[in-house]
Each structure stands twice: as structure tokens, then as C-alpha cells.
Amino acid sequence: FPACGTDSCTYRIIAGKSCLYITDLGNGFFELDCSENEYSRFWQDYFDLKEDYRSIRRRIDPDQDPFLWEAAEHEKGIRILRQDPWEMLITFIISQNRNIPAIRRSVELLSETCGEKKTDSRGLEYYAFPEPAALAALTEKELSDCRLGYRCKYVHAAARAVEDGKIDLNSLREADDAAATDALTGLFGVGIKVASCVSLFGLHHIDSFPIDVWMKRILAEQYPEGYPFDRYSPYNGIYQQYMFAFYRHFY
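FYI, in the working numbering the residues of the sequence shown are 16 to 266.
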């Protein structure tokens with residue numbers, strides 16, 4: 016969510032405490048405003064550039080599943096970012112029953128309230144995503160001022176649980192999806208959908224398959240006899256993103 020356009024083809028990406036400008040040069044080429052060391056140390060992994068997504072798309076049989084094949088071909092630029100699980104936990108708690116602009120604004124307000132102020136490569140200020148201790152220390156009013164609504168208590172409870180060591184998000188990267196889901200749904204205010212999103216986007220469990228109203232519609236319309244999860248494992252989460260983006264563009 017925390018990305019903003021600076022002109023028609025340049026974007027600023029804030030991930031944790033890091034910041035990157037990306038310029039689309041056209042014809043499939045992009046310029047990243049970072050050193051080679053920064054690229055290899057952080058951004059290459061963040062954008063999951065070592066994964067062969069082409070081979071993952073080739074697993075789809077166009078005769079057997081023409082819908083998924085078309086969706087994957089049209090949305091083939093999608094990658095599952097390797098994002099911080101703490102940031103994803105709070106972001107998806109905030110996301111419940113909200114649109115993307117509202118989610119982005121709340122994340123920005125939280126970062127401005129208790130995140131570390133930093134300066135990017137172009138001399139512009141930005142705020143890193145807050146650490147658990149900083150977020151747990153906010154008062155109810157301070158959280159409310161970040162436009163969290165009823166989610167204030169969920170955000171505070173999650174921050175306190177992480178800060179107190181009641182849940183170790185990084186260790187869940189190595190857990191299976193069922194164990195990760197059980198741990199996440201044990202947090203106050205975290206249901207199956209939020210847990211699935213955190214698993215996919217924060218833990219990089221790429222077989223996790225979040226289901227919202229859009230995915231319910233897709234599954235009902237395109238797979239009335241049932242979606243073949245076994246056939247597409249262990250990449251169901253990637254295929255889910257192809258379907259989701261494709262439907263949002265064309266249906």
C-alpha cells in the first residue's frame with residue numbers, strides 16, 4: 016500500500032525503513048534508484064525477482080483451465096512481494112471493511128505518528144513503519160486520530176502481543192500454513208481472511224489463498240464444481256492474485 020506516484024512513470028516505494036524510487040523506462044525496462052549493494056541486499060528479495068514466475072504460469076493448461084490461463088497471461092507482471100509480516104499484520108487489520116485510499120491514509124498517519132522520520136535519496140522526508148513498541152505505546156485517542164475506527168483495539172492488541180513475545184511473526188515464515196493461520200487467528204480481531212492475507216503477503220506462504228467477496232464471485236462463476244486447489248499447489252496464492260487482478264480489470 017505505501018507507494019505514491021511522483022510523476023506519470025516514477026513511483027516511490029516505502030518498505031519498512033527503506034525507500035526506493037522506480038522509473039518505468041518503457042519496453043519492460045525499469046530504473047531503480049539504489050546502489051547495487053542495496054539492490055542485492057534488500058530490493059531483489061523484496062520484489063521476489065529470483066522466483067521464476069514464467070515456469071509457474073506454464074503449469075496452467077490452457078485447454079483444461081482457459082480462464083486461469085488468460086488471467087495469468089494478462090496479469091503476468093504480478094509478483095508476490097516479500098513484505099515484513101509485522102507491517103502486513105497491522106495493514107490487513109486496518110484493511111477490514113475499507114477501501115485502499117482509506118487504508119493507505121491510516122498507514123501513513125500511523126507512520127507519521129510514531130514511525131522513524133527518514134530522508135530519501137532525493138532529499139524528501141518519509142516515515143518508516145512503526146515498530147511494535149512504538150505502536151503499543153499509543154493512546155486510544157492517538158490511534159483514533161489515525162482513522163482506525165473500531166480497529167483501534169485490534170491494532171493495539173496485535174502490537175502488544177508482538178511486543179510482549181506472545182507471537183513470533185518471523186518464526187511463522189517457516190511454519191506450515193495451517194499452523195500460521197492458527198497462530199494469527201489467535202490474535203484479537205484477526206479472522207481467517209486477514210490471516211490468509213498476512214500468510215501470503217507477509218510470510219510468503221504462496222499457497223495461501225485469501226477469499227474475499229471478489230474471490231467468492233470468481234469461484235462461483237468460474238469454478239462452480241470447485242476450484243482445483245490440489246492441482247495448483249503450492250502456487251495457489253500466485254494464481255489467486257492473477258484471477259483477482261484480472262476480474263477487477265474486466266468484470
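Ideal placement from N, C-alpha and C gives every residue a C-beta, glycine not left out. These figures come from a predicted structure and were not determined experimentally.
Candidates the options: which alpha carbon is nearest residue i's?
{"i": "LEU104", "options": "LEU218, TYR250 and GLN256", "result": "LEU218"}
{"i": "GLU127", "options": "ALA149, PRO116, VAL170 and ARG137", "result": "ALA149"}
{"i": "TYR262", "options": "VAL213, PHE216, HIS89 and ALA195", "result": "HIS89"}
{"i": "PHE203", "options": "PHE216, SER214, ALA190 and LYS181", "result": "LYS181"}
{"i": "ILE93", "options": "PHE265, GLN255 and GLN111", "result": "GLN255"}
{"i": "ILE95", "options": "THR134, ASN251 and HIS264", "result": "ASN251"}
{"i": "PRO81", "options": "TYR266, ILE115, TYR238 and LYS156", "result": "TYR238"}
{"i": "LYS133", "options": "LEU184, ILE37, GLY241 and ILE29", "result": "ILE29"}
Would you decide whether residue i is buried or exposed? Buried here means 16 or more other CB atoms lie within 10 Å of its CB.
{"i": "ILE221", "result": "buried"}
{"i": "PRO248", "result": "The sequence given here has Ser at residue 248, not Pro. So SER248 ends up on the exposed side."}
{"i": "ARG137", "result": "exposed"}
{"i": "GLY20", "result": "With a pLDDT of 47 at GLY20, under the threshold of 50, the modelled position of that residue is not reliable, and the figure given next carries that caveat. Per the 10 Å Cβ criterion, exposed."}
{"i": "ARG97", "result": "buried"}
{"i": "ASP227", "result": "exposed"}
{"i": "CYS161", "result": "buried"}
{"i": "THR154", "result": "exposed"}
Cα separation between residue i and residue j?
{"i": "ILE273", "j": "ARG120", "result": "An answer regarding residue 273 cannot be provided, because it is not within the stretch 16 to 266 covered by the chain."}
{"i": "TYR68", "j": "ILE75", "result": "12 angstroms"}
{"i": "LYS231", "j": "SER50", "result": "43 angstroms"}
{"i": "ASN42", "j": "PHE57", "result": "25 angstroms"}
{"i": "GLY31", "j": "ASP78", "result": "42 angstroms"}
{"i": "ALA174", "j": "MET258", "result": "32 angstroms"}
{"i": "CYS167", "j": "ASP192", "result": "27 angstroms"}
{"i": "VAL170", "j": "SER186", "result": "20 angstroms"}
{"i": "ARG188", "j": "ASP60", "result": "15 angstroms"}
{"i": "GLU46", "j": "PHE62", "result": "14 angstroms"}
{"i": "ARG27", "j": "LEU35", "result": "6 angstroms"}
{"i": "SER33", "j": "ALA143", "result": "7 angstroms"}
{"i": "CYS24", "j": "LYS65", "result": "24 angstroms"}
{"i": "ALA87", "j": "ALA172", "result": "38 angstroms"}
{"i": "LEU199", "j": "GLU140", "result": "33 angstroms"}
{"i": "TYR165", "j": "SER70", "result": "43 angstroms"}
{"i": "ASN114", "j": "ARG73", "result": "33 angstroms"}
{"i": "PHE16", "j": "ILE118", "result": "Reliability fails at PHE16, whose pLDDT of 34 lies under 50, so the model's placement of it is uncertain and no value is given."}
Provide the residue span of the beta strand (DSSP E) that contains residue i, from first to last.
{"i": "ASP39", "result": "33-41"}
{"i": "TYR326", "result": "Since the first and last residues shown for the chain are 16 and 266, residue 326 lies out of range."}
{"i": "GLU46", "result": "44-47"}
Can you tell me where the alpha helix (DSSP H) with residue i in it begins and where it stops?
{"i": "ILE109", "result": "100-109"}
{"i": "ILE233", "result": "228-237"}
{"i": "LYS208", "result": "207-216"}
{"i": "PRO249", "result": "No alpha helix (DSSP H) holds PRO249; DSSP gives it neither H nor E."}
Got a sec: does the ligand NAP put a non-hydrogen atom nearer than 7 angstroms to the Cβ of residue i?
{"i": "PHE45", "result": "The model on display carries no ligand, and the ligand NAP is accordingly not part of it."}
Check your understanding: At what residue ranges does the segment 123-168 contain a whole run of the beta strand (DSSP E), taking only runs of 3 or more?
Key -> Taking only runs of at least 3 residues, the beta strand (DSSP E) segments lying wholly in the segment 123-168 are 132-134 and 140-142.
Exercise for review: Quick one: which unbroken beta strand (DSSP E) runs of 3-plus residues sit fully inside the segment 171-200? Chain order, please.
Suggested key: Those beta strand (DSSP E) runs which fall completely within the segment 171-200 and span 3+ residues do not exist here.
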